[in-house]
Amino acid sequence: MIRPDAELLLEISDLHASVEDQPILKGVNLQVRAGEIHAVMGRNGSGKSTLSKVLAGHPAYRVTAGSVRYRGRDLFELEPEERARLGVFLGFQYPVEIPGVSNLEFLRVATNARRQSRELDELDTFEFEDHVREKLQVVQMDPAFLERSVNEGFSGGEKKRNEILQMALLEPVVAILDETDSGLDIDALRIVAAGVNQLAGPDNATLLITHYQRLLDEITPDYVHVMAAGRILRTGGRELALELEQTGYDWVDRELAAQGVA
Amino acid sequence: MTSVSTRDLVSQPYKYGFVTDIATDKIAKGLSEDVVRLISAKKGEPEFLLNFRLKAYRHWLTLEEPDWAALGYPAIDYQDIVYYAAPKQPQEKKASLDEVDPKLLETFEKLGIPLNEQKRLSNVAVDAVFDSVSIATTYKEKLAEHGVVFCSFAEAVKEHPELIERYLGTVVSSNDNYFAALNSAVFSDGSFVFIPKGVECPMELSTYFRINSGDTGQFERTLIVAEEGASVSYLEGCTAPMFDTNQLHAAVVELVALDDASIKYSTVQNWYAGDENGVGGIYNFVTKRGQCRGARSRISWTQVETGSAITWKYPSCVLQGADSVGEFYSVALTNNCQQADTGTKMVHVGPRTRSTIVSKGISAGRSSNSYRGLVQMAPSAKGARNYSQCDSMLIGDQAAANTYPYIRSQQPQAAIEHEASTCRISEDQLFYLQSRGIGFEEAVSMMVSGFCRDVFNQLPMEFAAEADKLLALKLEGSVG
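In order, the protein sequence lines correspond to chains A and B. Reminder that position 10 of the first sequence reads as 1304 in our numbering, one-by-one numbering, no gaps. Reminder that position 321 of the second sequence reads as 527 in our numbering, one-by-one numbering, no gaps.
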């Protein structure tokens, strides 16, 4: 939903970032307002995932230039956990397994950390169990997953559902979903997409990072951005995704060559 | 227990490092036959005990300090140690706590072990040992109603000499090894527990060991006997002040379980570990062994080892009785320059005996953490089974973890299983937790306590939470 007067949640300006001294992002500009759904597309290596990691604060990525303002604050002055508490959420492409740490306990601690920053009461073990059972329905997840260690032995689809469950619990302001569709069969994809649609509202925004059109069949973006060589090369509406589906990314190479980048 | 959060705790230094200023009756440094006789005389011991000490001392002179452990430390000068130190007070143990030096009571209160009637722990009986002597034992009368004897070792020698004579040295003989022989010669005090036939001990028993003097060795001796069908849960805790010299601690613990008896022995060891450069700290050389003498008896060791500069310790079970069960659950955490070589021995003698070993080693800083364990199946151990699981967790990239499992089987029908794993807390795991709003230190402590859960579940309830906090505290600043 595009409303030009809606709150500007995320303002990315000329963002440059490196990993192991290798520049990956080379001047990303993007503005995200409340209520919007953005899709960031592009080939492997275009910088999509790096963008999501930089926004969440992964220590392996170094910001070398530019700025990101989140609801008016300098995002890079905040530790990763502070960003999360303030409502920035990253749904991981490859959620890690954390043996020994109970999923239920992890979800409770995370939920309470976020609730605290919103000045809501913390939930005790019993209150949280009721709360989480309600949210499980969003992703049609078996309660048995709560009893296991975080992501341990979960299938690819189960891990992604666990990510969306976390999103449902944390109620983020800006949700960045990094290739949430990868490795999902069509049924799982529909469940995950339905969850995302259910959680999207006028006060929050979603940034979908994806390779393929098929996720966008389920979630309708307001904007589609095509990334290449660490920058956003083109921005359009949902028709841009359909165009990509038909023509592929070859035009990207031509455009980059024309700009003397590739 | 207090509700201080892990976050508050991780920023604290070793909080038990204070010294109590109290007049001490100390003998001169050095070890000789005269010193052994002097210790025995000071304690007014019967002849059998003096002979036990002398035999041990003479044997010790023939032994060499073991060097097979993966530990490095400068040679210990056994003549530079005080072998007996006691806070000055009249010979007889106080009849009531009112007569105990208030400084001592205050010391234990500071350590979280209040001894007086109003404040003491409600369902735990405590024997408090300060340097070489026991200061007080709580709930003695209540335990006596059930026929349970719980007192200092010295007191037991006076009041139950026949039990001491019958059981002392029958599990760990005075010539068992270098440090056990040394302990047998010069041991000062410790705890004695006797649970008579058919009695289930009505409360947790606990001994709290405190080293106070800077140049004194601590050599305590613990003996626990559970008669037929008896059961007991016992916990020991240890702290010491911070000195920049090393103190020697060489204890011996013997457990005896008769038919159908069960002994659960838990340790939370938090001796001073030395500073971040490895200066100071306790040298902890301990021999702990339990004998499942009777059929269907059970001995379970749970240890949380977080302190000491050097740890050399292998709580073991000799499974003699048919169908007896031995268990060993261990968390050993080393940080900075600490070194630990610890594990267990499960010696299966009786038929259908079973043992379980779960060891979790966590190494941080520049520390070294080794698991060393022996599973032995005697020809008579028909149908015996063992399961071992040894997991190591590395924090940072300068710590070392080693596993030395020894398996000896002379019984073709015995089953032995061993699983081992090594993991490192990865940047990605920490980032994942952080990206969900969980702070860095809390993320580490969540992962460490998750790693240790199998062991913490074995601890008495009120101590499991403490153990969790202790680990978080010990890991302060070790990551990142």
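The beta-carbon is built from N, C-alpha and C at its ideal position, and this holds for glycine as well.
Residue i and residue j closer than 8 Å at C-beta
i, j, result
"A1311(A)", "R1356(A)", "yes"
"A463(B)", "G487(B)", "no"
"S1343(A)", "Q1387(A)", "yes"
"T376(B)", "C357(B)", "no"
"G556(B)", "S530(B)", "yes"
"A467(B)", "E434(B)", "yes"
"Q475(B)", "T508(B)", "no"
"E251(B)", "V363(B)", "yes"
"Y593(B)", "T562(B)", "yes"
"I245(B)", "Y489(B)", "no"
"V1444(A)", "E1391(A)", "yes"
"M583(B)", "H554(B)", "yes"
"L1509(A)", "V1520(A)", "no"
"V1382(A)", "L1414(A)", "no"
"V288(B)", "G423(B)", "yes"
Length of the line joining the Cα atoms of residue i and residue j
i, j, result
"L1325(A)", "A607(B)", "Sequence inspection shows Gln at residue 1325(A); the Leu mentioned does not correspond to that position. Taking the straight line from one Cα to the other gives about 49 Å."
"P296(B)", "A620(B)", "The pLDDT assigned to P296(B) is 49, lower than 50, so where the model puts this residue is not dependable; a value taken from the coordinates is nonetheless given after this. Cα-Cα distance, rounded: 56 Å."
"G1451(A)", "V458(B)", "54 Å"
"M652(B)", "E361(B)", "44 Å"
"S394(B)", "I370(B)", "14 Å"
"L1493(A)", "K494(B)", "58 Å"
"G527(B)", "L374(B)", "19 Å"
"Y279(B)", "F258(B)", "30 Å"
"A587(B)", "S615(B)", "9 Å"
"V581(B)", "C543(B)", "30 Å"
"Y414(B)", "A570(B)", "27 Å"
"A673(B)", "Y222(B)", "15 Å"
"G602(B)", "S472(B)", "29 Å"
"E1375(A)", "A456(B)", "46 Å"
"D1368(A)", "P1298(A)", "22 Å"
"E1539(A)", "Q1507(A)", "6 Å"
"G645(B)", "N1323(A)", "30 Å"
"I1480(A)", "I1318(A)", "32 Å"
"V378(B)", "L269(B)", "16 Å"
"V564(B)", "A538(B)", "11 Å"
"G1489(A)", "A1333(A)", "16 Å"
Strand pairing of residue i, partner residues [DSSP]
i, result
"A1551(A)", "According to DSSP, A1551(A) bridges with nothing at all."
"E201(B)", "Residue 201(B) lies beyond the stretch modelled for chain B, which goes from 207 to 686, so this question has no answer here."
"Q545(B)", "I516(B) and S574(B)"
"H366(B)", "Per DSSP, none; premise fails for H366(B)."
"S598(B)", "G567(B) and T628(B)"
"N608(B)", "S576(B)"
"C658(B)", "According to DSSP, which records beta bridges pairwise, C658(B) is partnered with nothing at all."
"A292(B)", "D231(B)"
"D634(B)", "Looking at the DSSP assignment, D634(B) forms no beta bridge with any residue, so it has no partner."
"C357(B)", "F398(B)"
Residue closest to residue i, alpha-carbon to alpha-carbon, out of the options
i, options, result
"A1407(A)", "G1524(A), Q1460(A), G1360(A) and E1301(A)", "Q1460(A)"
"S1361(A)", "R1528(A), G1542(A), R1455(A) and E1305(A)", "E1305(A)"
"L525(B)", "R504(B), S390(B), C543(B) and K248(B)", "R504(B)"
"S576(B)", "P585(B), D382(B), T550(B) and R560(B)", "T550(B)"
"R558(B)", "G567(B), A546(B) and G532(B)", "G532(B)"
"S437(B)", "S412(B), A479(B), V510(B) and K470(B)", "K470(B)"
"L311(B)", "E647(B), R416(B), V431(B) and L260(B)", "R416(B)"
Residue environment, residue i, which counts as buried when at least 16 other CB atoms sit within 10 Å
i, result
"A229(B)", "exposed"
"F719(B)", "Because chain B spans 207 through 686 in this model, residue 719(B) falls outside it and cannot be assessed."
"G1329(A)", "buried"
"F359(B)", "buried"
"Y535(B)", "buried"
"T540(B)", "buried"
"E1371(A)", "exposed"
"V225(B)", "exposed"
"S655(B)", "buried"
"Q1431(A)", "exposed"
"T1514(A)", "exposed"
"V451(B)", "Note that residue 451(B) is Thr in the sequence shown, not Val. Exposed is the call here."
"T548(B)", "buried"
"F254(B)", "exposed"
"G1447(A)", "exposed"
"G1531(A)", "exposed"
**OP:** Select from the stretch 1404-1429 of chain A all residues with a C-beta closer than 7 Å to any C-beta belonging to chain C, and list them in chain order.
**Re:** Absent from the structure: chain C. Protein chains present are A and B.
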